[in-house]
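Listed in order, the protein sequences are those of chains G and B.
If you want our numbering, it's the position in the first sequence, counting the first as 1, plus 6.
If you want our numbering, it's the position in the second sequence, counting the first as 1, plus 497.
Where a beta carbon is used, it is the ideal one built from N, C-alpha and C, also for glycine.
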Amino acid sequence: MDDSRSIRDIQTSAAGDFGELVKVRKFVVHVEETLHEFGPPADPPQLKGYIAAVTANPYAGQYVEDLMPLMAALKPLGLSMAQRLIDAMGGVDKIVAYGKSALVGENGELEHAALWHEPGGYGMRELIQPSKAIVPSTKKVGGPGRPLDVPLAHVNAAYVRSHFDCIECSIPDAPRADEIVWVQAMATGPRIYDRAGGLAASDVQGEDGLR
Amino acid sequence: MKAKIRKTQVVVETTHSDGGRKPKAPTRKAVAIAVIENPYAGKFFQRLKLLEDIGEELGGYLGKMCVDALGIAPEDAESFGKAAIVGEAGEWEHAAAILHPRLGAPLRKAVKQGASLVPSSKKLGGPGARIDVPLGHKDAAYVRSHFDAIEAGLPDAPRANEIVVCVAVTDSGRPHPRVGGLQVKDVEGKDGLR
């Protein structure tokens, strides 16, 4: 990849244009439905899904001290992605768990992935109510096709044990060296054979985001 | 031990530079792995107590492996995480039975102390599968400089009847934290969040 390519040269369609700093090359929406896992039929089946946005990294190939402009610019993207994923999974009332991750292409810095903490989480929490629990996350730097595990946890009480889960995301052609993959993930139910005890979703107090 | 361990591995990753810049001090992340036999492989078992016992054993065992590999005192650990990869003859829930009921308490002892929830991930996979172990600050989950992850895995595990159990510990945050949020110096350390 040519290091000298500037984000100003990137052209994208209206649906992928979130301003000067955020140009989406592609969205990937993935939804999986688990019907059984060699035990009884899942009742109900669990949907787990993610949405990924592949964007140009405006800070690729250089050390930029102030990263806050990109954090602010990602907010509309985070909100738009969350809405798309919710729609793909049957509506906001179905969503009980969430998570987020970012994968930075090789000309970027690990810290660029950390920019997703506010906009990635905010986008989902704005739409999913109540959502007092912290949004679990992972991040790394890697090449095209690198798998990224997105942790999942209950949206309103982080200690709900049945909802600790995970989904793997990988996109064969992303991230290119000058790109970042931003991911949000959601689930419509607990692990299908949940039986590890702990705090049950039915016992959530919903005050502190933990229990 | 109740765990039948085929092999262990500990990796220490030291970052001397990121984005072309040196951090104030190199940042270090350790991840310890135990490859264990899955006592419930190949059949559906309602109760998974043996895996809960194994989780309790491995929380302390792997936590100490990380702390020793980093060469730090337990109280100098800053963030932690846990993960499991279940081999194909096992069940998704087997990862949950190891990770969630009892692994956390002995891990907290190994890193003195840790009020935060231990972040986690899980999956099913074949030999060579890798997993991103999430990392979060051990005393206050909202400390933004310490949100991170480390990838772990072995080429020859998990076999179908095995589980790869991972615990990660660091002595530092990301190399160049500058995305705001709660700072380590402002941690109250009471509720595990702030």
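Rounded to the nearest whole angstrom, the C-alpha separation of M498 (chain B) and P603 (chain B) is 15 Å. Under the DSSP assignment, D645 (chain B) falls in the beta strand (DSSP E) whose first and last residues are 645 to 650.
Contact of I57 (chain G) with chain B is not assigned, every C-beta pair being separated by 9 Å or more. Not flagged as an interface residue toward chain G: R656 (chain B), since no C-beta distance is shorter than 9 Å. If you check the CB distance, L614 (chain B) and A665 (chain B) do not come in under 9 Å. Taking a Cβ-Cβ cut-off of 9 Å, H634 (chain B) has no neighbours in chain G, whose nearest Cβ is about 11 Å from it. Between the segment 153 to 172 of chain G and the segment 27 to 35 of chain G there are fewer than three inter-stretch CB-CB distances shorter than 8 Å, so the stretches are not counted as touching. Neighbourhood of R167 (chain G) in chain B, by CB distance below 9 Å: A593, H597, P598, in chain order. Within 9 Å of the CB of R201 (chain G), the CB atoms of chain B belong to Q543, R544, L545, E590, A593, A594, in sequence order along the chain.
Scanning chain B for C-beta atoms nearer than 7 Å to the C-beta of H123 (chain G) yields R641, F644, V676, G678, reported in chain order. In the structure shown, M130 (chain G) falls within a helical segment according to DSSP collapsed to helix, strand and coil.
Against chain B, a Cβ distance below 7 Å from Y69 (chain G) picks out G516, G517, R518. In the DSSP assignment, M562 (chain B) forms no beta bridge with any residue. Excluding its 5 nearest sequence neighbours in each direction, I173 (chain G) has C-beta neighbours in its own chain below 7 Å: K54, Y56, V156, L158, A191, listed in chain order.
Secondary structure note for R605 (chain B): its alpha helix (DSSP H) is the uninterrupted segment 601 to 607. Listed along the chain, the chain B residues whose CB falls inside 7 Å of the CB of L53 (chain G) amount to none; the nearest CB is some 15 Å away. Leaving aside the five residues that flank P674 (chain B) on each side, the residues in its chain whose CB is nearer than 6 Å to its CB run, in chain order, S642. If you draw a straight line from the Cα of S669 (chain B) to the Cα of G611 (chain B), it is about 14 Å long.
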